[in-house]
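Going letter by letter, the sequence shown gives residues 129 to 532 in the working numbering. C-beta atoms are modelled at their ideal positions from N, C-alpha and C, and glycine is treated no differently. First comes the structure, then the notes that go with it.
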Amino acid sequence: MSRPGWQPPEELDANERRFTLLFSGVWLIFLGWPIYEVLTSPGNGPASRTIGVILIAVFAVTYLVWFSWPRPVKSIPLVANTLLQTMILAVLITAVVPFAGPTVAGMVPYVMALWMFNHRVVLGLPAAFLVGALGSAAVAVIAGPQFAFGFLTPIIFTAGIITMFRLAFEHSEIEREFSERVALAEQREELARTVHDALGHSLTSITVQAQLAKRLVAADPAAAERQLDGILATARDSLRDVRSTVEFLDAPGLDEQLDHARTTLTAAGIEPEIPHRDDVPDLDPADRRLFSWCLREAITNVVRHSGATHCGVEIIVGSGGHDDRVGAGDAPKSRDGEAHSGAILRITDDGVGIDGGMDGDAVTRGTGLRGLSRRAERANATLVLSDADTGDPDRPGTILEVRT
């Protein structure tokens, strides 16, 4: 298992390299101190000033290149690359000393940054502090005891800023990894519940039917055969449920589910009446996820079992939302006319109704609705079924409401 925290990449793509150049380039402003010393020092003539500025410029370019390409030599490890870079930058800093004196202290933090940002904290932080300590000791020797503290202040100050940035990266990455692990745990729990909903009832039914068929094989072969047919039908339904579950794990959001429902109903010869994306009121993320799942399963039930010719979908919210059937700021009304303070997903069809016969499809439909009811309960929502009152006793229709 990898260590938690930010792992700096050894290879950067074009966008990452541009960002890295911008991030690292901003700090080049601190090279103004040794450059100013080179240009204003009385002991530097024109040639010395030119050489000093060129050396600092080479140092800056080298730093930028290595900050953006942490591992230029692919044949050796990243740590060896950084050690090589440190030695080369140390040579450049040493070469600037005759022209800038102890102000080269302003160049040391750039070497520290290579260690901090090109390696994990567990290695980068101690290595950076070691580089800072060695650089500080060298500056103290150059400046002399009486001036050492004044020249070491930039190293201490800049090192503190770099450390805070690096630890902020680390903290942000640890938080992101923790959030991903929590999300993964929730996804696994959701998967377990979904599989249980999809297979729990079916496997129990298959077990009971198999036991009954075993007892009837000798006494009533015809009855045993009917039980075996029932097992086969239940197994096929379970397979469809598992496929639906797998599809749901990669399911899109509510807007996409509305589009999918419209397409599915049309393909099944059922006239859809479904709101477009722009007409969907604002919902809490939890409600959107619940409604997405419930809409998918409800439309599947309508297509498979209802025999409907028309299916409508409504999403209604109260205060803070809007719906054509509910005034802004009003509490939405459920099918039974009661005011409701949350959101409502309502699916209406003109099919055979809740009872809809006693064949195997009706049993499977009931199993799917029980799964929806359990899911709604876990989300502190309520699933309500009622007749649509179409006026046709043979086709009373169904209204399914999910109330949050």
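Asked	Found
Residue 512 by DSSP, collapsed to three states: which one?	strand
For residue 474, which beta-bridge partners are listed by DSSP?	442, 529
Kindly indicate which three-state DSSP category residue 291 falls into: helix, strand or coil?	helix
Excluding sequence positions up to five away, which residues of its chain have a Cβ less than 6 Å from the Cβ of residue 358?	337
Going by beta-carbon coordinates alone, are residue 475 and residue 418 separated by less than 9 Å?	no
Tell me, please, which residues DSSP counts as bridged to residue 400.	439
Rounded to whole angstroms, what's the CA-CA distance from residue 282 to residue 234? Just pull it up for me.	6 Å
Among 429, 333, 242, which one has its Cα closest to the Cα of residue 478?	429
Between residue 515 and residue 482, which are expected to be in contact by the criterion C-beta below 8 Å, what is the C-beta distance as a whole number of angstroms?	7 Å
Under three-state DSSP, which class holds residue 274?	coil
State yes or no: is the C-beta of residue 239 within less than 9 Å of the C-beta of residue 218?	yes
Which stretch, first to last residue, makes up the alpha helix (DSSP H) that contains residue 388?	382-395
If you drop the 5 nearest sequence neighbours on each side, which residues of the same chain put their C-beta closer than 8 Å to that of residue 208?	201
Please name the residue, chosen from 402, 510, 214, that lies closest to residue 187 on a Cα-to-Cα basis.	214
Entirely within the stretch 182-270 and at least 4 residues each: give me those alpha helix (DSSP H) ranges in chain order.	206-228, 236-246
Label residue 292 either buried or exposed according to how many other C-beta atoms from any shown protein chain fall within 10 Å of its C-beta, with 16 as the threshold for buried.	exposed
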